[in-house]
Amino acid sequence: MNVHPGDRVAVDENAPPLTDGQEWVIPYGRPNDRMIVRTIPDDAPPLIREALARRRVQVVDGGCPCGERIEWPDAAPGRGEFVTIVANHRHDCPAGDAVFLPAMIAWVQERENR
Numbered sequence: 001m002n003v004h005p006g007d008r009v010a011v012d013e014n015a016p017p018l019t020d021g022q023e024w025v026i027p028y029g030r031p032n033d034r035m036i037v038r039t040i041p042d043d044a045p046p047l048i049r050e051a052l053a054r055r056r057v058q059v060v061d062g063g064c065p066c067g068e069r070i071e072w073p074d075a076a077p078g079r080g081e082f083v084t085i086v087a088n089h090r091h092d093c094p095a096g097d098a099v100f101l102p103a104m105i106a107w108v109q110e111r112e113n114r
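Read left to right, the sequence shown gives residues 1 to 114 (the UniProt record's numbering).
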């Protein structure tokens, strides 16, 4: 498994191109699948850095430090097919939407106002 941010992950030649701030990872226990995660910006505040790190850890290690795991669809996706997953987090986890999204919105607005 790729554990370190920035590790190169082989993807199919038809895989979509990534935008700045994205990287491919191999999900835990799913060696034939690939997932896109957000890289951690150097200038991100501590809460954003922690949230993005936890989200990555949840994918590559199988669980978030808060104890929650990813819910994968019952049916295996076909080659080159995209699926939606559910990444649960406890209500007070920095990686959970209730904590992460307001913090990310505030940070983006702060950056735009500089």
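Glycine residues also receive a C-beta, built at the ideal position from the N, C-alpha and C atoms. Every value quoted in this text rests on a predicted model; they were computed, and no experiment measured them.
Query	Result
Own chain, CB closer than 7 Å to residue 98, minus 5 neighbours either side, in chain order	91
Whole-Å CB distance - residue 11 paired with residue 34, under 8 Å assumed	5 Å
Nearest to residue 27 (by Cα), restricted to the options 37, 18, 74, 46	37
Secondary structure of residue 10, DSSP reduced to three states	coil
Selected residue, minimal CA-CA separation from residue 63, among 105, 21, 93	93
Neighbourhood of residue 51 by C-beta distance below 6 Å, restricted to the same chain and skipping five residues each side	94, 95, 100
Span separating the alpha-carbon of residue 115 from that of residue 82	Nothing about residue 115 can be read from this structure; the chain reaches only from 1 to 114.
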